[in-house]
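These notes are about the structure you will find just below.
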Amino acid sequence: MFSIPALGLRKRSTRDGQRSRPVATTSNRSTSVVDCAVYVDGIRLPGEWTHEQAMTEVRERRGGFVWIGLHEPDQQQINGVAETFGLHELAVEDAVHAHQRPKLERYDETLFMVLKTVRYVPDRARATNSEIVESGELMIFLGRDFVITVRHGRQAELTRVRHELEQYPEHLALGPAAVVHGIADHVVDSYLEVTESVQDDIDTIETEVFAPRTSIEAEQIYLMKREVMQLRRAVMPLSQPLQRLAGGYTAHVPDQVRSYFRNVEDHLATVSERVASFDELLTTLVDATLAKITLQQNTDMRKISAWVAIISTPTMIAGIYGMNFDKMPETQWAFGYPVTLLVMMLACVMLFKIFRRNNWL
Numbered sequence: 332m333f334s335i336p337a338l339g340l341r342k343r344s345t346r347d348g349q350r351s352r353p354v355a356t357t358s359n360r361s362t363s364v365v366d367c368a369v370y371v372d373g374i375r376l377p378g379e380w381t382h383e384q385a386m387t388e389v390r391e392r393r394g395g396f397v398w399i400g401l402h403e404p405d406q407q408q409i410n411g412v413a414e415t416f417g418l419h420e421l422a423v424e425d426a427v428h429a430h431q432r433p434k435l436e437r438y439d440e441t442l443f444m445v446l447k448t449v450r451y452v453p454d455r456a457r458a459t460n461s462e463i464v465e466s467g468e469l470m471i472f473l474g475r476d477f478v479i480t481v482r483h484g485r486q487a488e489l490t491r492v493r494h495e496l497e498q499y500p501e502h503l504a505l506g507p508a509a510v511v512h513g514i515a516d517h518v519v520d521s522y523l524e525v526t527e528s529v530q531d532d533i534d535t536i537e538t539e540v541f542a543p544r545t546s547i548e549a550e551q552i553y554l555m556k557r558e559v560m561q562l563r564r565a566v567m568p569l570s571q572p573l574q575r576l577a578g579g580y581t582a583h584v585p586d587q588v589r590s591y592f593r594n595v596e597d598h599l600a601t602v603s604e605r606v607a608s609f610d611e612l613l614t615t616l617v618d619a620t621l622a623k624i625t626l627q628q629n630t631d632m633r634k635i636s637a638w639v640a641i642i643s644t645p646t647m648i649a650g651i652y653g654m655n656f657d658k659m660p661e662t663q664w665a666f667g668y669p670v671t672l673l674v675m676m677l678a679c680v681m682l683f684k685i686f687r688r689n690n691w692l
C-alpha cells in the first residue's frame, strides 16, 4: 500500500481550493487509455480529457502536470500520445513490445523507467497454471509536466495508487516525480507481499523435507527455485535506478522527492535480502532432498536384498534335492521330507530375525 514518510502532510479533499472548468468529454479516447487526468497544485481537475486537451491545458496554465495510464497499447494506439509528448521512438518501441529488464534511461528531456510487476498465485489457482509468481511489466515516461505509465499484464494495477495519491494533494503538488515515487513504492510493497507468501511456501517445503517418513519430489523445489529466480530478476536490477533517482540523476526529481525514493530503496534492500536467502535455502533443500531420496533408495535395496536372501535359502535346498541323483543322503529316509521342510522354515525364520534386528526389514 502507498505510504508517505511522515513530513507533516495533511489530507485534503479535492474539493478544497479552486478547481478548473470542466472540459467537454470525448468518446474518441483510445481503448488502451485507462485514465487521463490533469493535476494542478496537487488537485485533479474535473472532466474527462484526451491527451491533446490535457497537454494543451497544462501548457497554457504553465503549471501542473498530466498523468496518462495505458494498458498494453499497440503501436498505433501509442503513436498519438508519443507524438503529443515528444517521446523517443526507441523508448516507445520498448513500451509496446515489453520484455525489458528493470532500468532507467534518459531520452532527451524525458526519463524512461521500466519496473517488473509480480503477483503471487494462490494454491487453488495453480490447477491450470504451474506458476507460483506471475510477472508483468510497467513502463514510465517522466517529463517536466507529464508522466505516462504503460502497463503489461494483470499485476500491479495503478487505480488504487492514483486514488491514494489524490488523497495527498501536498504530495502530488511536488510534480510528476511524486507519481513515479508512488508507483515505485506500490511495486516494491507488492514485492514484500509476494516474498512473505513465498516464505510460507518454503517453510512448508522445509518441514516436509526434514520430517520423518514423508516424501517430497525434487521437482517441487526446482519449481520454487525457478520462481525465486524470476522474482530475483525483477528485484535486483531495480536497485540502481532507484539509487540514481534518489541521488539527483535528473532535475525532474526535486529534492523533496529524493528522500522518498531513498525510503523505497531501503524497502527494496529488504526484499533483495529475502530473495537471496530464499535462493540459498532452496539450494540447501535440493541437496537435502536428493540425499533423502538416495537414503530411501538404499533402504529399499536392503529390504529387497534381505527378502531375496530369505527366499533363496529354501530354493537352494529344493534345488539340491531336485537333482534326481540315485545316491543322495536321506533320500530313502522316511522322515526326510518333513525334516527338509522344517529346516527350510527354521532357516527362513532365523534369517528374518537377523535382518529385522539389523533394521534391514
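Quick note, my numbering runs 331 ahead of the 1-based positions in the sequence shown.
Where a beta carbon is used, it is the ideal one built from N, C-alpha and C, also for glycine.
Here the structure is a predicted model, which is why all the values come from computation and not from measurement.
Using 8 angstroms for Cβ pairs, my map puts G279 next to T535. What's the rounded Cβ distance?
Nothing can be reported for residue 279: it is not among the residues displayed for the chain, which extend from 332 to 692.
With DSSP collapsed to three states, give me the class of M700.
There is simply no residue 700 to check, as the chain begins at 332 and stops at 692 in what is shown.
Which of the three DSSP states is assigned to F452 in this structure?
According to the sequence provided, residue 452 is Val. The question's Phe does not apply to it. V452 falls in the coil class under three-state DSSP.
Just to confirm, are R605 and T526 a CB contact at a threshold of 9 angstroms?
For R605 and T526, yes; Cβs fall inside 9 angstroms.
In whole angstroms, give me the CA-to-CA distance for F603 and A637.
Note that residue 603 corresponds to Ser in the displayed sequence, not to Phe. Whole-angstrom Cα-Cα distance: 51 angstroms.
Expressed to the nearest angstrom, what Euclidean distance is found between the alpha-carbon atoms of E611 and Y553?
Roughly 13 angstroms separates the two Cα atoms.
Mark V680 as exposed unless 16 or more other C-beta atoms lie within 10 angstroms of its C-beta, in which case mark it buried.
Exposed, since its Cβ has fewer than 16 Cβ neighbours within 10 Å.
Please look up how many angstroms separate the CB atoms of H583 and A508, rounded, as I've assumed it's under 8 angstroms.
At roughly 6 angstroms, the Cβ-Cβ gap stays under 8 angstroms, so H583 and A508 are in contact.
Flag R450 as yes when its Cβ comes closer than 8 angstroms to any non-hydrogen atom of the ligand ZN, and as no otherwise.
Absent from the structure shown: the ligand ZN. Ligands present: none.
Let's test the definition: count the other Cβ atoms within 10 Å of the Cβ of H502 and tell me whether it reaches 16, buried, or not, exposed.
H502 is buried by the Cβ-count criterion.
Once DSSP output is grouped into helix, strand and coil, what is the label at W398?
Strand.
Going by the beta-carbon positions, is the gap between V481 and I374 smaller than 9 angstroms?
No, they are not a contact pair.
Report the partner residues of H483 according to the DSSP bridge assignment.
E468.
Count the other CB atoms within 10 Å of the CB of A649; is the residue buried (16 or more) or exposed (fewer)?
Under this definition A649 is an exposed residue.
Could you name each continuous alpha helix (DSSP H) segment of 4 residues or more that falls completely within the region 394 to 449, going from the start of the chain to the end?
If we require 4 residues or more, the alpha helix (DSSP H) runs fully inside the region 394 to 449 come out as 406 to 416, 420 to 428.
Where does I374 fall in DSSP's three states?
I374 falls in the strand class under three-state DSSP.
Where do the ends of the alpha helix (DSSP H) carrying G513 lie?
Segment 507 to 541, the alpha helix (DSSP H) holding G513.
Which whole-angstrom value describes the C-beta separation of V529 and V559, a residue pair presumed to lie in contact below a C-beta threshold of 8 angstroms?
With 8 angstroms as the limit, V529 and V559 qualify as a contact, their Cβ atoms being about 7 angstroms apart.
Checking the sheet assignment: what are the DSSP bridge partners for F477?
Answer by DSSP bridge pairing, in chain order: V397.
Would L435 and L469 qualify as a contact pair, given that the criterion is a beta-carbon distance under 9 angstroms?
Taking 9 angstroms as the Cβ cut-off, L435 and L469 do not qualify as a contacting pair.
Taking three-plus beta-carbon pairs below 8 angstroms as touching, is the region 543 to 553 in contact with the region 586 to 605?
Output reads no: the region 586 to 605 does not touch the region 543 to 553.
What is the DSSP secondary structure of V559, counted as helix, strand or coil?
Looking at V559 - three-state DSSP - the assignment turns out to be helix.
Is A549 helix, strand or coil by DSSP?
DSSP places A549 in helix when its eight states are reduced to three.
Under the rule that 16 or more other beta-carbon atoms within 10 Å means buried, what is A622, buried or exposed?
Exposed, since its Cβ has fewer than 16 Cβ neighbours within 10 Å.
Per DSSP, which one or two residues make a beta bridge with V369?
Partner(s): V397.
Run through DSSP, which three-state label would R341 get?
Caution is warranted here: a pLDDT of 37 is assigned to R341, below 50, making its placement in the model unreliable, and the coordinate value is therefore given only provisionally. Correct three-state label for R341: coil.
Which of the three DSSP states is assigned to V639 in this structure?
In this structure, V639 counts as helix in the three-state DSSP scheme.
H430: buried (16+ other C-beta within 10 angstroms of its C-beta) or exposed?
By the neighbour-count rule (16 or more Cβ atoms within 10 Å), H430 is not buried but exposed.
Buried or exposed: where does L599 fall if 16 or more other Cβ atoms within 10 Å of its Cβ makes it buried?
With 16 or more Cβ atoms within 10 Å of its Cβ, L599 is classed as buried.
In the DSSP output, what is V606 paired with across the bridge?
Looking at the DSSP assignment, V606 forms no beta bridge with any residue, so it has no partner.
In angstroms, rounded to a whole number, what distance separates the CA positions of H382 and G578?
Using only the alpha carbons, I get a separation of about 31 angstroms.
Let's test the definition: count the other Cβ atoms within 10 Å of the Cβ of M708 and tell me whether it reaches 16, buried, or not, exposed.
Missing from the structure shown is residue 708; the chain here goes from 332 to 692 and no further.
If you run the structure through DSSP and keep just helix, strand and coil, what is V670?
Correct three-state label for V670: helix.
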